[in-house]
Amino acid sequence: MKKHIVLISLLLSFWLLLLNQSEQLVSAATSDDTQKVTFMIYPELPKDNLGGRKLGYFNLRLKPSTEKTVRIKVMNPTDKTITVKTKVRDAQTADNGRIDYLSAKPVSKHILAQPGSHFLTVKPQLTVKSGAEKWLMIKIKMPEKPFKGKKAMAINLSAMRPTGGSVNNRYVYAVGVTLNGIKVIKKDLKRLEMPTMQAGFVHKKAALQFKMVNPDPVFLKKGQLSIKLTNQKVGFFNYQMVQKKMHIAPNSKFDVNLMLGGQRLVPGKYTMVAKFKSDQYQKQIKKSVKITKTDAKYINEHNLDYQRRRKVVFLFETICVLLVIGVIYYIKIYRTRSKQNDK
């Protein structure tokens with residue numbers, strides 16, 4: 001009997017060892033890339049700045065065909081002359097709802113027919129000597145015809161500083177500029193759209209990617225989005241997520257990623273229900289979407305989290321089978337010996 005107890009103990013120990021090894025996480029080393037700033041800026045906000053001079057960015061309401069010049073002070077505290085490069089970027093929305101003032105990707109004319117960056121003129125670069133300061137002038141020229149809603153953009157200022165090697169560090173300031181046009185009435189808003197969904201990978205992690213579009217010239221702040229996909233044949237198979245604290249730029253598109261983690265992607269038709277609410281409005285979108293067998297197979301084969309989980313489940317099932325066999329074997333031996341002892 002002692003031999004059987006030892007056998008079962010060894011099987012349990014072997015299973016725990018394999019389980020522990022399969023669940024180990026690999027962590028990458030991180031380094032602190034923080035460096036000293038090469039230059040400083042001070043946006044001089046005008047008296048007519050909406051929200052006051054302490055707002056931190058230019059927020060203006062100008063009449064059609066008018067011109068206005070605002071400026072940003074650039075200061076060089078270093079012991080070397082620096083060249084500051086400038087770019088005007090239209091506000092966009094990054095994945096999962098975060099306003100991005102640095103993206104160089106062109107904005108689709110279908111979404112933003114009249115970019116606000118076309119109304120601004122700024123020098124492409126500014127040279128500032130050691131210990132000196134200069135003003136960067138930004139000229140704003142409004143179009144002849146008034147526009148609806150808001151035009152959001154930013155002045156990006158960057159400087160290259162040598163680090164002693166072949167690599168340079170780039171520091172970027174983004175000074176926001178918002179131009180206010182005719183206020184959009186709530187009933188005229190087209191509201192958030194979700195045209196497509198596709199299976200793919202985000203930073204090598206399996207995900208369902210939902211294409212989102214804000215067709216209106218308004219900011220959407222304090223947004224919350226919940227998405228649930230339910231298989232139309234077997235309701236047990238479902239995928240869901242909640243994204244909070246979303247901030248969406250006017251006339252922009254972006255992706256919302258439902259990370260699959262260790263879940264298996266099951267092909268079939270699904271009912272998608274998406275609920276969005278923000279400081280502007282609430283909206284529910286309900287539609288039918290399809291996950292193809294080809295997409296599901298590819299995602300599952302390349303989803304490392306799913307493969308790892310599958311391996312753990314397989315090991316668990318194998319150990320359970322071995323334990324059952326061991327118990328049955330022990331019971332048979334015990335009964336055989338009991339019968340022999342009775343004789």
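Here the sequence shown is numbered in full-length UniProt numbering, starting from 1 and rising by one per residue. Backbone N, C-alpha and C define an ideal beta-carbon position, used for all residues, glycine too.
Looking from the CA of G268, the closest CA among L192, Q232, K109 belongs to Q232. Take V128, set aside five residues on each side of it, and the residues of its chain with a beta-carbon closer than 6 Å to its own are V74, N76, I82, K134, in chain order. Across the set N257, K297, V273, A249, the C-alpha of A249 shows the shortest separation from the C-alpha of Q280.
Counting the other Cβ atoms within 10 Å of the Cβ of R89 gives 16 or more, which makes it buried. Shown here, F210 sits in a strand according to DSSP, grouped into three states. Per the DSSP secondary-structure output, V242 pairs in a beta bridge with S226.
Using a Cβ distance threshold of 8 Å, V84 and L126 count as a contacting pair.
A296 and T230 have their C-alpha atoms spaced approximately 15 Å apart. Taking 8 Å as the cut-off, the beta carbon of L102 is found closer than this to the beta carbon of V172. A Cβ-Cβ separation of about 6 Å places A94 in contact with F254 under the 8 Å criterion. Sequence-distant partners of N59 (beyond 5 residues in either direction) whose C-beta falls short of 6 Å from its own C-beta, in its chain, are N49, L50, G51, T178. R264 places its beta carbon less than 8 Å from that of N300. Taking the Cα of T292 as reference, the smallest distance to any Cα among K109, Q198, I155 is reached at Q198. In this structure, T78 is the residue among K287, L62, T78 with its C-alpha nearest to the C-alpha of A159.
Going by DSSP, Y298 is part of the alpha helix (DSSP H) stretching over 293-302.
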